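Under this note's numbering, the first residue of the sequence shown carries the number 26, and numbering increases by one thereafter. Idealized CB from N, CA, C, for every residue including glycine. Bear in mind that the values here come from a model prediction, so they are computed numbers and not experimental data.
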Amino acid sequence: MFKLKIDTKNDSFTDDPRMEVTRILNDAIVKLAQGNDSGILLDSNGNKVGDFTLTKR
Numbered sequence: 026m027f028k029l030k031i032d033t034k035n036d037s038f039t040d041d042p043r044m045e046v047t048r049i050l051n052d053a054i055v056k057l058a059q060g061n062d063s064g065i066l067l068d069s070n071g072n073k074v075g076d077f078t079l080t081k082r
């Protein structure tokens with residue numbers, strides 16, 4: 026199962042929310058490709074806005 030959560034209720038998402046979400050998703054992709062099964066997701070200001078977890082069934 027793969028779970029990903031992003032909270033879009035802060036200033037980083039005001040100007041261009043699609044671009045910020047895209048940037049965060051790309052960060053998650055890189056972390057997964059590096060072998061991480063979980064990780065913290067940061068906005069462009071360095072604030073934690075979410076996380077992801079990959080578990081094996």
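inquiry  = Within the continuous beta strand (DSSP E) that includes T78, where are the two ends?
reply    = Position 53 of the sequence shown, counted from the first residue, corresponds to residue 78. It spans K73 to L79 - the beta strand (DSSP E) in which T78 sits, taken as one unbroken run.
inquiry  = For the pair the segment 43–50 and the segment 58–77, tell me if three or more CB-CB distances fall below 8 Å.
reply    = With the cut-off at 8 Å, the segment 43–50 and the segment 58–77 touch.
task = Measure the C-alpha to C-alpha separation of R82 and K56 and round it to an integer number of angstroms.
result = Along the sequence shown, one-based indexing puts residue 82 at 57. Along the sequence shown, one-based indexing puts residue 56 at 31. When rounded, the distance between both Cα atoms is 20 Å.
The beta strand (DSSP E) enclosing L30, as first and last residue numbers = If you number the sequence shown from 1, residue 30 lands on position 5. First, the amino acid is wrong: residue 30 is Lys here, not Leu. Counting along the chain, the beta strand (DSSP E) containing K30 begins and ends at F27 to I31.
Residues bridged to S63 (per DSSP) = Reading the sequence shown from its first residue, position 38 is the one you call residue 63. Bridge partners of S63: T78.
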